[in-house]
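According to our numbering, the sequence shown is numbered sequentially starting from 1109. Notes follow once the structure below has been shown.
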Amino acid sequence: MKIHEYQAKELFANYGVPVPKGKPVFSVDEAVEAAKELGDFPVVVKAQIHAGGRGKGGGVKLAQNIEEVKTIAGEILGMQLVTHQTGPEGQKVQKLLVEQGLDIAKELYFSIIVDRATAKIVIMCSEAGGMDIEEVAASTPEKIIKVPVDPLLGVQGYHCRQAAYRLNLPPAAIKPFIKMVQGLYKMFMDKDCSLLEINPLVLTGDDGIIALDAKINFDDNALYRHKDIQEYRDLDEEEPLEVEASKFNLNYIKMEGNVGNMVNGAGLAMATMDIIKQAGAEPANFLDVGGGANAEQVENGFRIILSDKNVKGILINIFGGILRCDVLASGVVEAAKKVGLNVPVVVRMEGTNVDEGRRILAESGLNLTGAKDLKDAAAKVAQIVQ
Ligand code: GDP
Ligand code: MN
């Protein structure tokens, strides 16, 4: 799960990590009020969306007086903000963060990630922070400092010092930096984060260190034990079809292609997506209806796939174990009748009660194509969408 910058900064503050003074607002009037409360200029007005690259997209602006706060807040609120992370359609801005402007001497990059390959927590940082960090990582990877931390030992003083010295921090900033890293590491573990990023981490003119931006992702599988984090969820920022799917306990991820697919089991779903690509087509989604799915879930899955306008054909790939093939077939027929099946469907099905399942599909009168195996199914659906 992702959260907003203002929420991440709230968490930072709870862990003793310095953040600029500021507050979230939902209207131009509130923005003006918040700026007055800050009492000093410049003030920064920042779009709050679950995507980075806001600065380059015109979603972060400095205001030198109240009039400018009003104008800028008016421009950014409600705009369709397009960044390299939103896709071309952009994301509608519904909240702003109004913050004290800082005297920036240097922009650093700081993050904590889980490195699955080494089974370590990695602290990553760079002197070359700011809006072009992706470019830095691609063209001068030696400028990215990586300090691996064994999660069983936890973060130690030497980890922090190593990062601080390699960042060439001024002596006065070293102690606060170390305290900050310890606070962030603790938060990362306490809250089951999967990613934490501060870009830029700012050195101020008087050698202070402040998190000017804040991004945190959480491990969804651990959310059940963090009621406080669950409250940060903002459904406006999530893909509507994924929100809909989560209501029915379906594991659905929307993708860019045009072959919708419905599969029972995550591994089988991954394999299905691979074979769709091998057949020369692109999957429109990942959808795992679960090993023990019932007819209702199948129906909802089908409805969700069909409400993606990109979908030109559907591949249903089911191995009937706990979910019997006849139950699946009835679910498909019910759903197709209810939602109005308007695209061709290829079905590959094996396992328990497969003959009964095939009979139900064959007698349904729907636009369904059978397949003899997975390869055949992928080839057929690829041909349909071409
Ligand atoms: P992002 O583009 O979505 O990552 O948003 P950021 O919060 O990182 O802001 C983008 C850029 O705006 C930063 O890299 C800074 O250069 C600039 N910026 C943000 N806040 C301030 C501020 O208080 N003072 C100044 N001078 N620049 C700021
Ligand atoms: Mn940033």
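Ideal placement from N, C-alpha and C gives every residue a C-beta, glycine not left out.
query                                                                                                                                                                             : result
Kindly indicate which three-state DSSP category Val1489 falls into: helix, strand or coil?                                                                                        : helix
Looking only at DSSP bridge pairs, what is Leu1331 linked to?                                                                                                                     : None, per the DSSP bridge assignment.
Quick check: Gly1147 and Val1206, are their CB atoms within less than 8 Å of each other?                                                                                          : no
Quick one: grab the DSSP three-state call for Arg1456.                                                                                                                            : strand
Thinking Val1577 and Leu1204 are a contact (beta carbons under 8 Å), I'd like their distance in whole angstroms, please.                                                          : Limits of the chain in this structure are 1109 at one end and 1494 at the other, which puts residue 1577 out of reach.
Who are the near neighbours of Val1263 in its chain, counting only those whose CB is closer than 7 Å to its CB and skipping five residues on each side?                           : Val1257, Val1289, Gln1290, Tyr1293
Does the distance from the C-beta atom of Val1152 to that of Ala1139 stay below 8 Å?                                                                                              : no
Is Val1127 near the ligand GDP, in the sense that its beta carbon is under 7 Å from a heavy atom of that ligand?                                                                  : no
What residues in its chain sit with their C-beta under 7 Å from that of Ala1245, if we drop five residues either side in the sequence?                                            : Ile1252
Which residue marks the beginning of the alpha helix (DSSP H) containing Val1152, and which one marks its end?                                                                    : Unbroken run through Val1152 is the beta strand (DSSP E), 1151-1155; no alpha helix (DSSP H).
Quick one: is the Cβ of Pro1278 within less than 7 Å of any heavy atom of the ligand MN?                                                                                          : no
Assuming Ser1302 is part of the beta strand (DSSP E), what are its boundary residues?                                                                                             : 1301-1312
Out of curiosity, what's the CA-to-CA distance linking Val1190 and Asp1484?                                                                                                       : 40 Å
In the DSSP output, which residue or residues are listed as bridge partners for Glu1215?                                                                                          : Val1310
For the alpha helix (DSSP H) holding Ile1253, just list the boundary residues, first then last.                                                                                   : Unbroken run through Ile1253 is the beta strand (DSSP E), 1252-1257; no alpha helix (DSSP H).
Just to confirm the assignment, what range does the beta strand (DSSP E) spanning Met1187 have?                                                                                   : Note, Met1187: premise wrong, no beta strand (DSSP E); not H, not E.
Mind checking which residues open and close the beta strand (DSSP E) that includes Thr1477?                                                                                       : 1476-1478
If you draw a straight line from the C-alpha of Ile1184 to the C-alpha of Lys1254, how long is it?                                                                                : 36 Å
Rounded to whole angstroms, what's the CA-CA distance from Met1176 to Glu1141? Just pull it up for me.                                                                            : Per the sequence presented here, residue 1176 reads as Glu, with Met not at that position. Cα to Cα, the separation comes out at about 13 Å.
Label Val1295 either buried or exposed according to how many other C-beta atoms from any shown protein chain fall within 10 Å of its C-beta, with 16 as the threshold for buried. : Residue identity check: residue 1295 is Met in the sequence provided, not Val. Per the 10 Å Cβ criterion, buried.
Which residues count as close to the ligand MN when the rule is a CB under 6 Å from any of its heavy atoms, in chain order?                                                       : Gly1160, Asn1307, Asp1321
Is any non-hydrogen atom of the ligand GDP found closer than 7 Å to the C-beta of Ile1212, if you look at the structure I gave you?                                               : yes
Cβ of Glu1175 versus every heavy atom of the ligand GDP: is any distance shorter than 7 Å?                                                                                        : no
Which residues in the same chain have their Cβ closer than 8 Å to the Cβ of Glu1390, if we skip the five residues on either side of it in sequence?                               : Met1363, Glu1364, Gly1365, Asn1366, Val1367, Ile1384
Over what stretch of residues does the beta strand (DSSP E) that includes Asn1408 continue unbroken?                                                                              : Counting along the chain, Asn1408 falls outside any beta strand (DSSP E), though it belongs to the alpha helix (DSSP H) covering 1403-1414.
Apart from the five residues just before and just after Ala1490, which ones in its own chain have a Cβ nearer than 6 Å to its Cβ?                                                 : Ala1387, Gly1388, Ala1389
Within 10 Å of its beta-carbon, does Asn1372 have 16 or more other beta-carbons around it, so buried, or fewer, so exposed?                                                       : buried
Helix, strand or coil for Leu1376, going by three-state DSSP, please let me know.                                                                                                 : helix
For Glu1442 and Lys1169, I'd like the C-alpha separation in whole angstroms.                                                                                                      : 52 Å
May I ask you to check if the CB of Met1239 is nearer than 7 Å to at least one heavy atom of the ligand GDP?                                                                      : yes
Using only the alpha-carbon positions, how far apart do Gln1199 and Gln1193 sit?                                                                                                  : 10 Å
Does Leu1261 come out as helix, strand or coil in the three-state DSSP assignment?                                                                                                : coil
Would you mind stating whether Leu1431 and Ala1401 have Cβ atoms separated by less than 8 Å?                                                                                      : yes
Measure from the alpha carbon of Ala1306 to the alpha carbon of each residue in Met1232, Asp1327, Phe1326, then state which is nearest.                                           : The question names Ala, but residue 1306 in the sequence shown is Ile. It is Met1232 whose Cα lies nearest to the Cα of Ile1306.
Going by DSSP, what residue range makes up the beta strand (DSSP E) through Gly1439?                                                                                              : Careful: Gly1439 lies outside any beta strand (DSSP E), inside the alpha helix (DSSP H) at 1433-1447.
Which whole-angstrom value describes the C-beta separation of Pro1308 and Gly1238, a residue pair presumed to lie in contact below a C-beta threshold of 8 Å?                     : 5 Å
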